[in-house]
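Structure record follows, encoded as structure tokens.
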Amino acid sequence: MRILEPSPKGWMLVLKKNKLNCRGLLKQWKPLMNSNLKCNSLLGLMMLLVTLPAHSQETRKITGDSSSWDIANNQMKYFGNAVLTFQNLTLKGDQLIAMRDPQSKRETIIVNGQPASFEDTNQAQQLSTNLQALNIEYQSETILASQNVHIKQVNERQETIDIKGDKLSWKQSTDFSLSVSGSPLEVAIMQADKSSISAKANQLIYNKQSELFELIGDVIVNSERETLRAEKVIYNMKTRILQVPKSDKRQVEIIQSKANK
Numbered sequence: 011m012r013i014l015e016p017s018p019k020g021w022m023l024v025l026k027k028n029k030l031n032c033r034g035l036l037k038q039w040k041p042l043m044n045s046n047l048k049c050n051s052l053l054g055l056m057m058l059l060v061t062l063p064a065h066s067q068e069t070r071k072i073t074g075d076s077s078s079w080d081i082a083n084n085q086m087k088y089f090g091n092a093v094l095t096f097q098n099l100t101l102k103g104d105q106l107i108a109m110r111d112p113q114s115k116r117e118t119i120i121v122n123g124q125p126a127s128f129e130d131t132n133q134a135q136q137l138s139t140n141l142q143a144l145n146i147e148y149q150s151e152t153i154l155a156s157q158n159v160h161i162k163q164v165n166e167r168q169e170t171i172d173i174k175g176d177k178l179s180w181k182q183s184t185d186f187s188l189s190v191s192g193s194p195l196e197v198a199i200m201q202a203d204k205s206s207i208s209a210k211a212n213q214l215i216y217n218k219q220s221e222l223f224e225l226i227g228d229v230i231v232n233s234e235r236e237t238l239r240a241e242k243v244i245y246n247m248k249t250r251i252l253q254v255p256k257s258d259k260r261q262v263e264i265i266q267s268k269a270n271k
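If you want my numbering, it's the position in the sequence shown, counting the first as 1, plus 10.
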């Protein structure tokens with residue numbers, strides 16, 4: 011059974027082969043707790059604090075230089091070189107907070123750092139994603155990030171997507187729905203044959219299943235010989251077809267440069 015024990019460096023999660031002595035544990039933590047807290051409540055709270063998203067049934071681990079247990083707010087905090095690993099996911103930062111809402115049972119992991127990072131290596135889909143930002147929040151299959159956001163993904167065809175922006179919302183479902191905003195945001199796409207396309211916009215929406223990019227707001231797209239300006243651009247990464255829908259705000263503008271001799 012996993013329990014939390016105090017140590018000189020903070021609270022640590024350890025394994026106990028024998029049965030948990032509730033009375034002894036209550037006595038040991040009495041200065042930190044309300045005396046009316048019953049043993050079953052303590053056990054429930056302990057399991058709540060060490061439980062991570064329910065869809066993961068594999069081994070989960072959190073480490074840090076020190077930690078604190080906020081009993082009143084159902085939070086476990088880790089400070090200094092905080093690392094969380096489970097399944098194919100790894101979160102790192104200067105501070106990590108694990109919490110669970112007692113009513114909705116919703117679990118949330120918040121990581122802050124200079125930068126904090128989130129790495130997802132999906133071997134089944136041959137997909138590798140690395141996210142960095144000052145603030146990252148993981149909740150079930152939704153990731154939110156803010157400030158100096160940088161996400162890089164390599165897909166099964168060894169194509170690279172590199173995006174930088176201010177805010178990110180990422181749903182880790184089968185369609186891999188990604189939304190990024192910036193002022194402006196920047197995106198660079200490297201195809202398997204090493205040809206590339208780069209762009210700037212105010213908002214980006216990407217769907218992994220359809221492989222469609224939507225760039226919205228003051229869009230500038232640069233390829234090897236052309237520069238395109240429009241209000242909205244849709245790019246199909248699989249077919250490499252770029253479309254510009256009609257806009258009431260502006261006409262599409264394309265500038266071609268001369269080929270180098």
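Just so it is clear, CB atoms sit at the ideal spot from N, CA and C, and this is done for glycine as well.
Which residues in the same chain have their Cβ closer than 7 Å to the Cβ of residue i, if we skip the five residues on either side of it in sequence?
i	result
residue 63	Since pLDDT at residue 63 reaches only 45, below the 50 mark, its modelled position is unreliable, and no value is offered.
residue 57	With a pLDDT of 42 at residue 57, under the threshold of 50, the predicted position of this residue should be treated as unreliable, and no value is reported.
residue 132	98
residue 211	194, 195, 225, 226, 227, 228 and 229
Quick one, are the C-beta atoms of residue i and residue j less than 8 Å apart?
i	j	result
residue 97	residue 138	no
residue 197	residue 178	no
residue 122	residue 104	yes
residue 209	residue 167	no
residue 194	residue 228	yes
residue 238	residue 231	yes
residue 99	residue 88	no
residue 78	residue 90	no
residue 152	residue 181	yes
Hey, residue i and residue j are a contact pair by Cβ (cut 8 Å); roughly how many whole angstroms apart?
i	j	result
residue 200	residue 169	6 Å
residue 143	residue 126	6 Å
residue 156	residue 176	7 Å
Short of 6 Å in beta carbon distance, which residues of its chain neighbour residue i, apart from the five on each side in sequence? Order them along the chain.
i	result
residue 140	129 and 162
residue 254	240, 243 and 262
residue 147	120 and 154
residue 73	93
residue 252	245
residue 42	A caution first: residue 42 carries a pLDDT of 44, below 50, which makes its placement in the model unreliable, though a value can still be read off. If we look at residue 42 and ignore the five residues flanking it on each side, it has no Cβ neighbours.
residue 213	191, 226 and 227
residue 215	189 and 224
residue 260	241
residue 102	93 and 127
residue 174	160 and 196
residue 52	The predicted position of residue 52 is uncertain, since its pLDDT is 43 and thus under 50; no value can be drawn from it.
Identify every residue that forms a DSSP beta bridge with residue i.
i	result
residue 80	85
residue 147	120 and 154
residue 179	154 and 189
residue 266	236
residue 170	164 and 200
residue 139	130 and 163
residue 102	93 and 127
residue 70	96
residue 253	244
residue 110	117
Considering only residues of the same chain and omitting the five flanking positions on each side of residue i, which have a CB-CB separation below 8 Å?
i	result
residue 1	The chain is shown from 11 up to 271; residue 1 falls before or after that span and cannot be answered.
residue 124	104 and 144
residue 83	109
residue 257	240, 241 and 242
residue 250	201
residue 113	none
residue 248	221
With respect to 7 Å, is the separation between the Cβ of residue i and the closest non-hydrogen atom of the ligand HEM below this value?
i	result
residue 180	What this structure holds is no ligand at all, so the ligand HEM is not there to describe.
Beta strand (DSSP E) runs wholly inside the stretch 113-137, at least 3 long, in chain order: 117-132
What are the uninterrupted segments assigned as beta strand (DSSP E) that are 3 or more residues long and contained completely in the stretch 193-250, given in chain order? 206-217, 222-232 and 236-246
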